[in-house]
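According to our numbering, numbering within the sequence shown proceeds without interruption in unit steps and concludes at 279.
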Amino acid sequence: MRLVLVAPAMNAALREARFDDGSPVDPASADPVRLARSVRALTAPSPRCQGTAELLRVPGVVPEPALAGCAMGRWRGRRLDELAAEEPESVAAWLADPDAVPHGGESLRSLWDRVASWMDGLEPGTVWAVAEPDVIRAAVAHALGAPGAAFWRLDVRPRSSVELTGRSGRWNVGIGSVLS
């Protein structure tokens, strides 16, 4: 199994350090990605992931709900620093407890479980996917068998990639570079 996860291109929410609000990716140019016919190409359902797939001219891309970012409820589109000033206890709980949902959306544990289940259910072959940064962090942490706290220690840059190879129960992580 080979799974290549690509972070979305820059958009207003990423540039302003806000939780995603569905804004499109910034206009940019990129060379098209060339994938073998046998590669399954997927994208998260968000406009920035779908826009990145379009920007990279990924052929035959299909939306995959399991690649959706964590549902942030009433925090959607908000900046973390603003929320920390307005709701310090809620933000502290969310950062410390993977089961916390002070925003009324999805818990980080639910995100991690969703991503792990999706990865472990993949059929053999190669999958190339544009996924939200939090999904990529959850996938890498799962691949490494890392504790939940590792999620917060993984940075995912726009248009970067990571390659996971192996199978359920035994994954290897190959660190990629920013796509040009």
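We treat Cβ as the ideally placed atom computed from N, Cα and C, and that holds for glycine.
Residues near residue i in its chain [Cβ-Cβ closer than 6 Å; skip 5 each side]
{"i": "Arg269", "result": "none"}
{"i": "Asp198", "result": "Ser206, Arg208"}
{"i": "Leu210", "result": "Cys169, Ala237"}
{"i": "Gly273", "result": "Glu262"}
{"i": "Phe250", "result": "Arg236, Ala240"}
{"i": "Asn271", "result": "Thr264, Gly265"}
Distance between residue j and residue i (C-alpha atoms, nearest Å)
{"i": "Thr317", "j": "Thr142", "result": "Any answer about residue 317 is impossible in this case: the structure gives the chain only from 100 up to 279."}
{"i": "Ala191", "j": "Leu182", "result": "10 Å"}
{"i": "Asp119", "j": "Ser216", "result": "23 Å"}
{"i": "Ala167", "j": "Ala230", "result": "7 Å"}
{"i": "Arg156", "j": "Leu104", "result": "16 Å"}
{"i": "Ser279", "j": "Asn110", "result": "Model confidence at Ser279 stands at a pLDDT of 44, short of 50, so the residue's coordinates are unreliable and nothing is read from them."}
{"i": "Ser260", "j": "Gly176", "result": "24 Å"}
{"i": "Met171", "j": "Ala112", "result": "13 Å"}
{"i": "Trp193", "j": "Val200", "result": "7 Å"}
{"i": "Asp212", "j": "Ala240", "result": "11 Å"}
{"i": "Asp180", "j": "Ser122", "result": "20 Å"}
{"i": "Pro246", "j": "Asp196", "result": "12 Å"}
{"i": "Gly265", "j": "Val124", "result": "31 Å"}
{"i": "Pro187", "j": "Ser137", "result": "48 Å"}
{"i": "Pro223", "j": "Ala248", "result": "29 Å"}
{"i": "Ala165", "j": "Glu185", "result": "31 Å"}
{"i": "Val214", "j": "Ser189", "result": "24 Å"}
{"i": "Trp227", "j": "Leu102", "result": "6 Å"}
{"i": "Met100", "j": "Gly244", "result": "17 Å"}
Nearest-angstrom Cβ-Cβ length linking residue i and residue j, presumed shorter than 8 Å
{"i": "Ala116", "j": "Pro232", "result": "That belief does not hold up - the Cβ atoms of Ala116 and Pro232 are roughly 12 Å apart, past 8 Å."}
{"i": "Arg252", "j": "Gly203", "result": "In fact, because the Cβ distance is near 26 Å, the residues do not count as touching under 8 Å."}
Assigned exposure category for residue i - 16 Cβ within 10 Å defines buried
{"i": "Pro131", "result": "exposed"}
{"i": "Arg258", "result": "buried"}
{"i": "Arg147", "result": "buried"}
{"i": "Ala242", "result": "buried"}
For residue i, the residue or residues it bridges with in DSSP
{"i": "Arg269", "result": "Arg266"}
{"i": "Ala111", "result": "Looking at the DSSP assignment, Ala111 forms no beta bridge with any residue, so it has no partner."}
{"i": "Ala140", "result": "Trp227"}
{"i": "Ile235", "result": "Note: Ile235 sits in no beta bridge, so no partner."}
{"i": "Val105", "result": "Val229, Ser260"}
{"i": "Pro162", "result": "Thr142"}
{"i": "Arg96", "result": "With the chain covering only 100 through 279, there is no way to say anything about residue 96."}
{"i": "Val124", "result": "Asn110"}
Close-in-space but distant-in-sequence residues of the same chain around residue i (CB under 7 Å, 5 per side omitted)
{"i": "Val255", "result": "Ala106, Pro232, Ile235, Arg236"}
{"i": "Arg178", "result": "Glu115, Ala116, Arg117"}
{"i": "Ala152", "result": "Thr142, Val160, Val229"}
{"i": "Ala127", "result": "Ala108, Leu154"}
{"i": "Pro158", "result": "Leu134, Ala140"}
Residues near residue i in its chain [Cβ-Cβ closer than 8 Å; skip 5 each side]
{"i": "Pro162", "result": "Leu141, Thr142, Ala143, Pro144, Gln149"}
Distance cut-off 7 Å: residue i Cβ against heavy atoms of the ligand GTP
{"i": "Gly247", "result": "Annotation note on the ligand GTP: not contained in the displayed structure, which lists no ligands."}
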